[in-house]
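The next block holds one structure in the form of structure tokens; read it before the comments.
Number of protein chains: 2
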Amino acid sequence: MKISELSDRSGLPVQTIKYYIREGLLPKGAATAATRAEYDGRHLDRLRLIRALREVGDLPIASVQQIVAAVDDEDIPLHQLLGTAQYALGPRAEPHREGPDWQAAREDVDAVVAELGWQVLPDAPTRDLLAQAFVALRRLGLPIVLSDLRPYIQAAELVADHEVGRLLVGDDREKAVQTAVATNVLYERVLIALRRMAQESASARRFDDG
Amino acid sequence: MKISELSDRSGLPVQTIKYYIREGLLPKGAATAATRAEYDGRHLDRLRLIRALREVGDLPIASVQQIVAAVDDEDIPLHQLLGTAQYALGPRAEPHREGPDWQAAREDVDAVVAELGWQVLPDAPTRDLLAQAFVALRRLGLPIVLSDLRPYIQAAELVADHEVGRLLVGDDREKAVQTAVATNVLYERVLIALRRMAQESASARRFDDG
DNA sequence: TCCAATTAGATAGCCCGACTATCTAATAGT
DNA sequence: ACTATTAGATAGTCGGGCTATCTAATTGGA
Chain A
671 MKISELSDRS
681 GLPVQTIKYY
691 IREGLLPKGA
701 ATAATRAEYD
711 GRHLDRLRLI
721 RALREVGDLP
731 IASVQQIVAA
741 VDDEDIPLHQ
751 LLGTAQYALG
761 PRAEPHREGP
771 DWQAAREDVD
781 AVVAELGWQV
791 LPDAPTRDLL
801 AQAFVALRRL
811 GLPIVLSDLR
821 PYIQAAELVA
831 DHEVGRLLVG
841 DDREKAVQTA
851 VATNVLYERV
861 LIALRRMAQE
871 SASARRFDDG
Chain B
671 MKISELSDRS
681 GLPVQTIKYY
691 IREGLLPKGA
701 ATAATRAEYD
711 GRHLDRLRLI
721 RALREVGDLP
731 IASVQQIVAA
741 VDDEDIPLHQ
751 LLGTAQYALG
761 PRAEPHREGP
771 DWQAAREDVD
781 AVVAELGWQV
791 LPDAPTRDLL
801 AQAFVALRRL
811 GLPIVLSDLR
821 PYIQAAELVA
831 DHEVGRLLVG
841 DDREKAVQTA
851 VATNVLYERV
861 LIALRRMAQE
871 SASARRFDDG
């Protein structure tokens with residue numbers, strides 16, 4: 671299909687599609703002449719993935735770029751892709767790693783992970799993510815105790831087990847990869863939305879019982 | 671304290687503090703003269719809250735503004751503040767509410783909420799948030815079935831019950847309010863981080879068992 | 001008392017991310 | 001032959017979140 675058709679079908683302006691090609695999010699079409707290229711369904715799929723990551727996952731272009739690079743890298747086995755996506759997601763804002771606050775928080779995180787026996791790489795960015803939250807809570811005078819953490823841990827294990835359980839659904843890599851990435855980013859949103867609704871509901875039940 | 675001291679203690683540049691005052695995130699100091707104002711510990715606390723929301727919660731200034739406005743509004747009872755914060759958080763990107771895709775997704779969401787018997791307002795932005803994720807998943811050819819949703823629902827209820835249970839810790843409004851907001855935003859990050867780590871761990875256990 | 005330092009308040013500037021617009025050849029289709 | 005379309009390059013825009021500068025007033029120390 672022509673780029674104008676790709677634009678129509680995806681709902682994105684031609685210029686935006688060109689921009690994504692420039693940024694390496696989308697492979698360029700097969701050139702049929704100096705000023706002509708042919709696009710196919712895979713381009714359309716990729717655009718849908720990009721938009722999902724951007725609009726729902728709220729990921730910056732740079733993160734999307736890393737993710738699709740991993741998706742396109744045939745050398746990365748499917749079960750590693752999930753981890754790669756984690757790294758691409760990382761902590762959004764670079765944490766200030768200096769100071770005793772950070773030191774202590776990071777040690778707390780490592781202790782929790784060890785305690786749980788979780789197999790998480792020592793330099794996983796998710797550790798920083800958690801430590802960042804710990805630091806902020808502590809600065810607000812709301813230090814975390816393990817008992818507060820327990821429901822979150824339980825919830826995390828609950829969904830993670832389920833997610834990993836349904837990873838190997840097919841052997842079409844493109845599809846499997848999309849499922850993995852979508853699971854990571856989109857179901858994170860699902861979880862967040864459900865938690866907020868459950869909160870509102872529990873709160874309403876608790877207080878507005880009239 | 672002087673603004674320079676506030677700057678030192680918070681670690682933020684004076685200009686940034688002034689900017690926050692201009693944007694209404696921080697009340698201005700008590701003027702002692704035309705070019706002098708006095709700041710106190712509450713300003714420092716507020717700055718810490720702002721930074722936590724910005725750096726860990728990754729909220730835009732506009733959302734922080736809504737939240738602190740609710741915090742400052744003495745007319746809002748504590749148990750409503752949580753809901754107010756939800757609204758301020760909202761869906762980050764305005765969803766395209768047109769089209770049958772959206773219609774269907776929104777109906778699915780409403781059906782789920784009704785099915786669960788959750789008390790969630792019909793116009794709660796969290797419904798849109800979830801619908802947005804549903805639309806994206808459907809467009810990627812990964813439609814949601816209720817059985818997939820169940821672990822997430824369970825996890826959401828688990829943490830929400832715990833959170834609402836520990837809401838009324840004290841009667842110092844300022845503190846209680848901070849706890850409520852922090853619970854909402856910061857523990858969301860905690861949950862996300864834990865889920866990602868649990869995923870990595872479960873994945874490692876499943877595949878790297880050598 | 002005088003002067004360097006500080007500050008409130010206002011205005012303008014900067015940087016980054018994510019597009020969007022324009023321009024130039026070079027075709028394609030009619 | 002002529003109009004529409006396109007690849008590729010370059011430049012411009014816009015919003016968000018700060019920074020920098022400037023003015024006039026005031027303070028606090030030598």
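The listed protein sequences correspond, in order, to chains A and B. Our numbering puts the first residue of the first sequence at 671, with every later residue one more than the last. Our numbering puts the first residue of the second sequence at 671, with every later residue one more than the last. Using N, Cα and C, we set each Cβ at its ideal position, and we do this for glycine too.
For A:R808, the three-state secondary structure derived from DSSP is helix. In the DSSP assignment, B:T849 falls within the alpha helix (DSSP H) that extends over R843 to F877. Look at B:T705 here: in three-state DSSP terms it is coil, with no helix or strand label. Of all alpha-carbon atoms in A:L864, A:D818, A:Q750 and A:R716, the one lying nearest the alpha-carbon of B:D878 is that of A:Q750. Its Cα nearest to that of A:P795, the residue A:R776 stands out among A:A784, A:R776 and A:L729. Taking 9 Å as the Cβ-Cβ cut-off, the segment 856 to 869 of chain B approaches chain A at L856, Y857, E858, R859, V860, L861, I862, A863, L864, R865, R866, M867, A868 and Q869, given in chain order. Beta-bridge pairing by DSSP links A:A700 to A:E708.
Below 8 Å, too few C-beta pairs join the segment 700 to 708 of chain B and the segment 822 to 831 of chain B to call them touching: fewer than three.
Going by DSSP, B:G835 is part of the alpha helix (DSSP H) stretching over L816 to G835. Closer than 7 Å at the C-beta level to chain A, one finds these residues of the segment 796 to 827 of chain B: T796, L799, L800, Q802, A803, A806, L807, R809, L810, L812, P821, Y822, I823, Q824, A825, A826 and E827. From the beta-carbon of A:L719, the residues of chain B found nearer than 8 Å are L810. The C-alpha of A:K688 lies about 17 Å from the C-alpha of A:P730.
Under the 10 Å beta carbon count, B:L800 is surrounded by 16 or more other beta carbons and is classified as buried. For A:V726, the chain B residues whose Cβ falls inside 7 Å of its Cβ are Q802, A803 and A806, in order along the chain.
Counting only runs of at least 4 residues, the segment 711 to 772 of chain B fully encloses the following alpha helix (DSSP H) elements, listed from N- to C-terminal order: 711 to 721, 731 to 742 and 748 to 759. Distance from the CA of B:P683 to the CA of B:S677, rounded to the nearest whole angstrom, comes to 6 Å.
Only H749, L752, G753, Q756, R762 and A763 from the segment 736 to 764 of chain A bring a Cβ to less than 7 Å from some Cβ of chain B.
Here the segment 723 to 741 of chain A makes contact with the segment 843 to 861 of chain A; the two share three or more CB pairs at distances below 8 Å.
B:K672: not part of any alpha helix (DSSP H); DSSP gives it neither H nor E. The DSSP-derived three-state label of B:E785 is helix. If you check each beta-carbon in the segment 769 to 800 of chain B against every beta-carbon of chain A, the ones closer than 7 Å belong to V783, W788, Q789, V790, A794, T796, L799 and L800.
Not flagged as an interface residue toward chain A: B:Q685, since no C-beta distance is shorter than 8 Å. Within chain A, the C-beta atoms nearer than 7 Å to that of B:H832 come from P821, in chain order.
8 Å or more divides the Cβ of A:A763 from the Cβ of A:N854.
Taking a beta-carbon distance threshold of 8 Å, B:R692 does not count as an interface residue toward chain A.
B:P792 is classed as exposed because its beta carbon has fewer than 16 other beta carbons within 10 Å across all chains shown.
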